[in-house]
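Protein chains: 2
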Amino acid sequence: MQEKLKKINSKPIGIFDSGFGGLTVMAAVTKLMPKENLIYFGDTAHVPYGTKSKKIVTDFATKISKFLVKNDVKMIVIACNTASAFSLDYLNKIIKVPIIGVIKAGSVMAAKITNNKKIGVIGTEGTVKSNAYEKEIKKYDSKVKCFSKACPLFVPLVEEGWCSGKITEDIIKVYTKDLLNKNIDTIILGCTHYPLLKKTIRKVIGSKISIVDSASAVAAQVKEILEGKNMLKTTGKGNYQFFVSDSPEKFKAIGNKFLGDKILKVSKVEIN
Amino acid sequence: MQEKLKKINSKPIGIFDSGFGGLTVMAAVTKLMPKENLIYFGDTAHVPYGTKSKKIVTDFATKISKFLVKNDVKMIVIACNTASAFSLDYLNKIIKVPIIGVIKAGSVMAAKITNNKKIGVIGTEGTVKSNAYEKEIKKYDSKVKCFSKACPLFVPLVEEGWCSGKITEDIIKVYTKDLLNKNIDTIILGCTHYPLLKKTIRKVIGSKISIVDSASAVAAQVKEILEGKNMLKTTGKGNYQFFVSDSPEKFKAIGNKFLGDKILKVSKVEIN
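Going down the list, the sequences are from chains A and B.
Just so you know, the first sequence maps onto residues 1 to 272 in my numbering.
Just so you know, the second sequence maps onto residues 1001 to 1272 in my numbering.
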């Protein structure tokens, strides 16, 4: 029995994203649970999801989730805000292992932190249009008011490596101006790329507004769920596998910027 | 015989791009040849191509070209610099109708215009890494020196509608600084989105450098080829069909900004 449990617990956690961004979630998970085995899937053939339709993003997310289940994961983390917003409800119905997304975790944390009940949400066009954060936050506390803003330039800024500097500060000012005018006391970084802009966002918006990073929030939720099901891996060191749908070489090069040279081997798979 | 020729000539020209950008090429073609029927395909499920691998871009481009041939086009224009750079040689081997890309047209025009034989090329990461413009320019005039710079923020800037203003000027300054230091007298806008930034680029780089817009250059080449084969449509008004691989609604909304409300109906097709 003990052996059987150990075998189940050593199954990997599956994490997926449209590309590199979800590696901030992976980094948070490995920091909190360094013993867990992980499989990461980056859908680099279709990146970005943020500007695409609900139907096609759900189609991509379904294929990836089935791939992860075939690879015997014990749970799935949707480390992409757009896919969480569009596809979590559907995937929960068809996937048999526990599956969670970044949005609920970030929403609950922000709703707990806010004092004046005014929360700002920044994310991709898809995430913002879906109102997914607002819906989750209202479930937790219906009195909270949410104000959101799509920031389509943030992902290319991060991928260009322009995480600080005058131009980046100016762009952050444009995108956050309306939110600051609404007197928010908390802001959710509703896209997995944005933690890399956190310091510069802090510089622009000042020290009084709490910044909620959904990558850390979801990692805490993963731990809670696995603990609750007695499924944490408690011995040994975690090993990591990486799969992508386009060039493995590029993923390895950029990915190691996110993850501090932990990516040794990346395999390409077709998910069509 | 006359009737048969007329029937062939009324076949549409096929134009494809990863998304919206190729609509600047379509606009140039309709302006020069308003009688031609056109089919446009925007691969919005996979946009952008500029950051993806040669292998996968060629795979997408092949499927789209076959779709256009099935729809009985008389020639194909690759209105995407990345796909032209990566896939034109291969497509020329397997596709039976004439097929041209934006790169050759822009290269020849720039090589004709330059006086000091120093040309700058700006484009996506894929186009710049491929050195496709330089290779084409050298075929025409081996003495020309080319200097290139990838500008990954330009496409999202255009799609965000930030085609002018202080931030856009600052970003253009950063990207063009090294090219200007090389004393170029001609610059190629090596991405179909960039014509929408032309005025602001002009403001930043001054009036002495010639700007070559490959959309206009390729339209002229299309006309030359069709004239040469006696395949121009000389009567009636052109009609336009639009196909995309993701949401037709979004394509219609953004596309009409590029094309001045000429997009009436857009159909979604699977090209997998």
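In this text, a Cβ means the ideal position worked out from N, Cα and C, and glycines have one as well.
Please read these numbers as outputs of a predicted model, since none were measured by experiment.
(1) Could you tell me how far apart the beta carbons of Ile1205/B and Ile1187/B are, in whole angstroms, since I believe they sit closer than 8 angstroms?
(2) Ignore the nearest five residues each way along the sequence and tell me which others in Leu259/A's own chain have a CB closer than 7 angstroms to its CB.
(3) Could you check how far apart the C-beta atoms of Ala1079/B and Phe1016/B are, in whole angstroms? I think they sit under 8 angstroms.
(4) Could you give the DSSP three-state label for Lys1143/B: helix, strand or coil?
(5) Between Lys139/A and the ligand FAD, is there a pair consisting of the residue's CB and a ligand heavy atom that are separated by less than 7 angstroms?
(6) Using a Cβ-Cβ cut-off of 8 angstroms, state whether Leu1189/B counts as contacting chain A.
(7) If I'm right that Thr127/A touches Ala85/A with Cβ under 8 angstroms, what's the distance once you round it to whole angstroms?
(8) Leaving out five residues on either side along the sequence, give the residues of the same chain with a beta carbon under 6 angstroms from the beta carbon of Lys233/A.
(9) Is the shortest distance between the beta-carbon of Leu1157/B and the beta-carbons of chain A less than 8 angstroms?
(10) Could you tell me which uninterrupted alpha helix (DSSP H) segments, each at least 4 residues in length, are contained entirely in the stretch 98-155 of chain A, listed from first to last along the chain?
(11) Could you tell me which residues DSSP pairs with Val1076/B in its beta bridges?
(12) Measuring CA to CA, which of Pro1195/B, Ala1105/B, Thr1082/B is closest to Ser1130/B?
(13) Between Ile122/A, Ser107/A, Ala132/A, Pro12/A, which lies nearest to Gly190/A when the distance is taken from Cα to Cα?
(14) Pick helix, strand or coil for Gly1206/B, following the three-state DSSP scheme.
(15) Roughly how many angstroms lie between the CA atoms of Lys1139/B and Lys1093/B, to the nearest whole one?
(16) Smallest Cα separation from Leu197/A: which of Val158/A, Ile209/A, Gly228/A?
(17) Output needed in chain order: residues of the stretch 1035-1057 of chain B with a Cβ under 8 angstroms from some Cβ in chain A.
(18) Can you tell me the Cα-Cα spacing of Thr1053/B and Thr44/A, whole angstroms?
(19) Quick check on this structure: which residue in Gly236/A, Ser210/A, Gly255/A has the alpha carbon closest to the alpha carbon of Gly161/A?
(20) Does the contact criterion of 3 or more C-beta pairs under 8 angstroms hold for the stretch 1215-1228 of chain B versus the stretch 1164-1180 of chain B?
(21) With H, G and I counted as helix, E and B as strand and the rest as coil, what does DSSP make of Lys1063/B?
(22) Can you name, in chain order, every residue of its own chain whose Cβ lies under 6 angstroms from the Cβ of Asp246/A, other than the five neighbours on each side?
(23) Counting only beta-carbon separations shorter than 8 angstroms, does Ile167/A have a partner in chain B?
(24) Whose Cβ in chain B lies nearer than 9 angstroms to the Cβ of Ser247/A?
(25) Using a C-beta cutoff of 8 angstroms, does Asp1261/B count as contacting chain A?
(26) Are the C-beta of Ile122/A and some C-beta of chain B separated by less than 8 angstroms?
(27) Given this structure, state the Cα-to-Cα distance separating Thr58/A from Ser1142/B, to the nearest angstrom.
(28) I need the DSSP call for Ser1216/B, collapsed to helix, strand or coil.
(29) Of all Cβ atoms in chain A, is any one closer than 8 angstroms to the Cβ of Glu1270/B?
(30) Note down, one range per segment and in chain order, each beta strand (DSSP E) of at least 3 residues found wholly within the stretch 1162-1205 of chain B.
(31) Would you mind working out which of Gln1221/B, Lys1262/B, Ile1064/B sits nearest Tyr1240/B, comparing C-alpha positions?
(32) Helix, strand or coil: how does DSSP classify Ile254/A here?
(33) Are any of the Cβ atoms in chain B nearer than 8 angstroms to that of Asp170/A?
(34) So which of Asp89/A, Ser107/A, Gly19/A, Ser18/A has the shortest CA-CA distance to Gly214/A?
(35) Chain B partners of Leu23/A, CB-CB under 7 angstroms?
(36) Do you know offhand how far Tyr133/A's Cα is from Asp170/A's?
Let me lay it out:
(1) Mapped onto the second sequence, residue 1205/B falls at position 205. Mapped onto the second sequence, residue 1187/B falls at position 187. Indeed, because the Cβ distance is near 7 angstroms, the residues count as touching under 8 angstroms.
(2) Position 259 of the first sequence, counted from the first residue, corresponds to residue 259/A. These residues qualify, in order along the chain: Leu23, Met26, Ala27.
(3) As a first step, residue 1079/B must be located in the second sequence, where it is residue number 79. As a first step, residue 1016/B must be located in the second sequence, where it is residue number 16. Sure, about 6 angstroms apart at Cβ, within 8 angstroms.
(4) Taking the second sequence and counting its residues from 1, the one referred to as residue 1143/B is at position 143. Three-state DSSP puts Lys1143/B in coil, outside helix and strand.
(5) Only the bare structure without any ligand can be found here, which leaves the ligand FAD out of the picture.
(6) Here residue 1189/B corresponds to residue number 189 of the second sequence, with the count starting at 1. Not closer than 8 angstroms to any Cβ of chain A, the Cβ of Leu1189/B fails to qualify, so no.
(7) Taking the first residue of the first sequence as position 1, residue 127/A is located at position 127. Taking the first residue of the first sequence as position 1, residue 85/A is located at position 85. Indeed, because the Cβ distance is near 5 angstroms, the residues count as touching under 8 angstroms.
(8) Walking along the first sequence from the start, residue 233/A turns up at place 233. If we look at Lys233/A and ignore the five residues flanking it on each side, its Cβ neighbours are Asn9, Ser10, Lys35, Glu36.
(9) Here residue 1157/B corresponds to residue number 157 of the second sequence, with the count starting at 1. Taking Cβ atoms only, chain A reaches closer than 8 angstroms to Leu1157/B, which makes this a yes.
(10) 102-113, 125-130, 132-140
(11) For the purposes of this step, residue 1076/B is taken as the residue at position 76 of the second sequence. According to the sequence displayed, residue 1076/B carries Ile and not Val. Beta-bridge pairing links Ile1076/B to Gly1014/B, Ile1099/B.
(12) As a first step, residue 1130/B must be located in the second sequence, where it is residue number 130. Measuring from the Cα of Ser1130/B, the nearest candidate turns out to be Thr1082/B.
(13) Numbered from 1 along the first sequence, position 190 holds the residue referred to as residue 190/A. Among Ile122/A, Ser107/A, Ala132/A, Pro12/A, the Cα nearest to that of Gly190/A belongs to Ile122/A.
(14) To locate residue 1206/B, count along the second sequence from 1; it is residue 206. It is coil, neither helix nor strand.
(15) Working through the second sequence from its first residue, we reach residue 1139/B at position 139. Working through the second sequence from its first residue, we reach residue 1093/B at position 93. Each residue's Cα considered, the two are about 20 angstroms apart.
(16) Residue 197/A sits at position 197 when you count from the first residue of the first sequence. The candidate whose alpha carbon is nearest that of Leu197/A is Val158/A.
(17) Thr1044, Ala1045, His1046, Val1047, Thr1051, Lys1052, Ser1053, Lys1055, Ile1056
(18) Indexing the second sequence from 1 puts residue 1053/B at position 53. Indexing the first sequence from 1 puts residue 44/A at position 44. The residue you asked about is not Thr; residue 1053/B is Ser in the sequence shown. Approximately 10 angstroms between the Cα atoms of the pair.
(19) As a first step, residue 161/A must be located in the first sequence, where it is residue number 161. Here the closest residue by C-alpha is Gly255/A.
(20) no
(21) By one-based count along the second sequence, residue 1063/B stands at place 63. DSSP places Lys1063/B in helix when its eight states are reduced to three.
(22) By 1-based counting over the first sequence, the position of residue 246/A is 246. For Asp246/A, where only same-chain residues beyond five positions count, the Cβ hits under 6 angstroms are Thr44, Ala45.
(23) The count along the first sequence starts at 1 and reaches residue 167/A at position 167. Chain B contact via Cβ: present.
(24) The count along the first sequence starts at 1 and reaches residue 247/A at position 247. Those within 9 angstroms of Ser247/A in chain B are Lys1052, Ser1053, Lys1054, Lys1055, Ile1056.
(25) On the second sequence, position 261 is the one that residue 1261/B refers to. It does not; no Cβ of chain A falls within 8 angstroms.
(26) Within the first sequence, residue 122/A is the residue found at index 122, counting from 1. Judged by the 8 angstroms Cβ criterion, Ile122/A is not in contact with chain B.
(27) Here residue 58/A corresponds to residue number 58 of the first sequence, with the count starting at 1. Here residue 1142/B corresponds to residue number 142 of the second sequence, with the count starting at 1. One C-alpha to the other measures close to 50 angstroms.
(28) Residue mapping note: residue 1216/B aligns to position 216 of the second sequence, counting from 1. Helix at Ser1216/B.
(29) The residue you call residue 1270/B lines up with position 270 of the second sequence. No, its Cβ sits nowhere closer than 8 angstroms to a Cβ of chain A.
(30) 1186-1190
(31) Here the question's residue 1240/B lines up with position 240 in the second sequence. Taking only the C-alpha atoms, the option nearest Tyr1240/B is Lys1262/B.
(32) As a working mapping, residue 254/A is identified with position 254 in the first sequence. Helix at Ile254/A.
(33) Here the question's residue 170/A lines up with position 170 in the first sequence. By this cut-off, Asp170/A is an interface position.
(34) Mapped onto the first sequence, residue 214/A falls at position 214. According to the sequence provided, residue 214/A is Ser. The question's Gly does not apply to it. The shortest Cα separation from Ser214/A among Asp89/A, Ser107/A, Gly19/A, Ser18/A belongs to Ser107/A.
(35) The residue given as residue 23/A occupies position 23 in the first sequence. None at all; the shortest Cβ gap to chain B is about 16 angstroms.
(36) By one-based count along the first sequence, residue 133/A stands at place 133. By one-based count along the first sequence, residue 170/A stands at place 170. Whole-angstrom Cα-Cα distance: 26 angstroms.
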